[in-house]
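Protein chains in written order, with the working numbering: chain A, 1 to 129; chain B, 1001 to 1136.
Okay, so here's the structure we're looking at.
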Amino acid sequence: MYKHQNSRSSGSFSWVFQRVTGLILVVVMIGHYILMHYTPESGHTYDAVLARMQSNWYRVLDLTFIVLGMYHGLNGIWGIFRDYKLKQWQTITIMGILIIFGLAFTLWGIKTVLDIPYVQTSTSELLVK
Amino acid sequence: MAEFKKFDQKSWVKTNLNYKKDSGSWAWILHRITGIALIAYLFMHIFSLSPLSQGRAAFNEFMSHYTTPFFMALEWFLFAFVLFHSLNGVRIVLVDWADGAKYHKSLYRYSIVIGVVMFFAMGYVMFSHEIHKLFR
Chain A
1 MYKHQNSRSS GSFSWVFQRV TGLILVVVMI GHYILMHYTP ESGHTYDAVL ARMQSNWYRV
61 LDLTFIVLGM YHGLNGIWGI FRDYKLKQWQ TITIMGILII FGLAFTLWGI KTVLDIPYVQ
121 TSTSELLVK
Chain B
1001 MAEFKKFDQK SWVKTNLNYK KDSGSWAWIL HRITGIALIA YLFMHIFSLS PLSQGRAAFN
1061 EFMSHYTTPF FMALEWFLFA FVLFHSLNGV RIVLVDWADG AKYHKSLYRY SIVIGVVMFF
1121 AMGYVMFSHE IHKLFR
């Protein structure tokens, strides 16, 4: 009866991890949102981003955000689908779409962050590129 | 013994719209809607920041669309979605791990109050320049 469901894993790991990533995201979110979205002074120009990204802490913050946010979000979408009775081919298709899009956009985001050049000199002066 | 009503797949939407909903049901529905909206936003966010790798001119050109008052207002409402999802998420964690089933209804009420206060506080932070210009 249940042979089409993945009965080996109870899903308890993803359940716990969903809560843990959620709590981490709330903390990371506070920093990300206040600094980058909602302060009129923080600036959305290329130079503002470039200046911020000279610090590796900002890069690590953004990378954490992309990876954890993507996992938490797509696992949430998967959780919604799991509320309904799915046939095996539907499970495989939905899983495939989520994994492919998730991986593609995660890698795209990581590439965008890592592509930002380091232009700071030893005198901590920002060079105009 | 009460007889169970047979589940009718055709009236699924109607059943879902009609049953009596307490705060928990609303929290569940809104948590789903805000969650779907937020993951859609994350995809859009990664897409819209990708011109960063094309240099200064391309990025500034792209970003000039997003700093208009209309998009700032949209961002403010995005914060409402984030707020609900985070506050209700904390509530879910408390229900799961801290015996929250005993007090989840008052938790819901408190988180709504906190959320509304934070929403307007954030509105003040976001539009502080405009507000100060208004009352100068």
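Glycine included, C-beta positions come from ideal geometry on N, C-alpha and C.
Source: prediction; values computed, not measured.
Does chain A have any CB closer than 7 Å to the CB of B:F1043?
Closer than 7 Å: yes.
Can you list, in chain order, the residues of its chain with a C-beta nearer than 6 Å to that of A:V49? Leave out the 5 residues immediately preceding and following it.
None.
Using only alpha-carbon positions, find the residue among A:V28, A:G76, A:M70 that is nearest to B:H1031.
Of the listed residues, the one whose Cα sits closest to B:H1031 is A:G76.
Closer than 6 Å by C-beta to A:M70: which residues in its own chain qualify, once you throw out the five before and the five after it? Chain order, please.
So the qualifying residues of the chain are G102, T106.
Where A:I116 sits in the DSSP three-state scheme:
Under the three-state reduction of DSSP output, A:I116 falls in the coil class, being neither helix nor strand.
Could you tell me how far apart the beta carbons of B:I1039 and A:W108 are, in whole angstroms, since I believe they sit closer than 8 Å?
With 8 Å as the limit, B:I1039 and A:W108 do not qualify as a contact, their Cβ atoms being about 15 Å apart.
Which two residues bound the contiguous alpha helix (DSSP H) that contains A:A48?
It spans 46-52 - the alpha helix (DSSP H) in which A:A48 sits, taken as one unbroken run.
Exposed or buried, what is B:Q1054 when buried is set at 16 or more other beta-carbons lying within 10 Å of its beta-carbon?
Exposed, since its Cβ has fewer than 16 Cβ neighbours within 10 Å.
Could you tell me whether the Cβ of A:D62 comes closer than 7 Å to any Cβ of chain B?
No - not a single Cβ of chain B is within 7 Å of the one on A:D62.
Whose C-beta lies closer than 8 Å to the C-beta of B:K1075 among residues of the same chain, with five residues either side of it excluded?
First, the residue type needs correcting, since residue 1075 of chain B is Glu and not Lys in the sequence shown. Excluding sequence neighbours, B:E1075 sits near M1126.
Interface residues of chain A around B:N1088 at Cβ under 7 Å?
One finds nothing in chain A with a Cβ atom closer than 7 Å to the Cβ of B:N1088; even the nearest lies about 10 Å away.
Neighbouring residues, chain B, relative to A:Y46 (Cβ below 7 Å)
Result: R1056, F1059, N1060.
For A:T45 and A:G79, what's the separation of their Cα atoms in angstroms?
Going by the C-alpha atoms only, they are around 38 Å apart.
Residues of chain A with a CB under 8 Å from the CB of B:E1093: which are they?
Here residue 1093 of chain B is Val; the residue named in the question, Glu, does not match the sequence. Listed along chain A are R19, G22, L23, each with a C-beta nearer than 8 Å to that of B:V1093.
For A:W57, would you say it is in contact with chain B, using Cβ-to-Cβ distances shorter than 7 Å as the test?
Not an interface residue.
With H, G and I counted as helix, E and B as strand and the rest as coil, what does DSSP make of B:Y1019?
Note: B:Y1019 maps to coil in three-state DSSP.
In chain A, what lies closer than 9 Å to B:I1033 by C-beta?
Close to B:I1033, with beta-carbon spacing below 9 Å, lies no residue of chain A; the smallest spacing is near 11 Å.
Examine chain C for any beta-carbon lying closer than 7 Å to the beta-carbon of A:F105, and answer yes or no.
Looking for chain C here will not work: the only protein chains present are A and B.
Indicate the three-state DSSP secondary structure (helix, strand or coil) for B:Y1108 in the structure shown.
DSSP, reduced to helix, strand and coil, places B:Y1108 within a helical segment of the structure shown.
Kindly say whether B:L1049, judged by its beta-carbon, lies nearer than 7 Å to any beta-carbon of chain A.
B:L1049 counts as touching chain A.
Cutting at 8 Å between CB atoms, please list the residues of its own chain near B:H1085, excluding the five before and the five after it.
Non-local C-beta neighbours of B:H1085 in its own chain, meaning closer than 8 Å and more than five positions away in sequence, comprise H1031, T1034, G1035, L1038, ordered along the chain.
Give the single residue among A:S55, A:Y58, A:L98, A:K85 whose Cα lies nearest to the Cα of A:L74.
If we check each option's Cα against that of A:L74, A:L98 comes out closest.
CB contact flag (B:L1094, B:S1111, <7 Å)
Taking 7 Å as the cut-off, the beta carbon of B:L1094 is found no closer than this to the beta carbon of B:S1111.
Beta carbon proximity, B:S1111 to chain A, threshold 7 Å:
B:S1111 does not count as touching chain A.
With a threshold of 7 Å between beta-carbons, can B:S1025 be considered close to chain A, or not?
Closer than 7 Å: no.
Per-residue burial, B:H1132 [other beta carbons within 10 Å of its own, 16 or more giving buried]
Counting Cβ neighbours within 10 Å, B:H1132 comes out exposed, since fewer than 16 surround it.
Since A:I116 and B:L1052 should fall inside the 8 Å C-beta cutoff, what is the C-beta to C-beta distance between them, to a whole number of angstroms?
Indeed they touch by this definition, with Cβ atoms about 6 Å apart.
Confirm, please, whether the CB-CB distance from A:T21 to A:L68 is below 7 Å.
A contact, by the Cβ cut-off of 7 Å.
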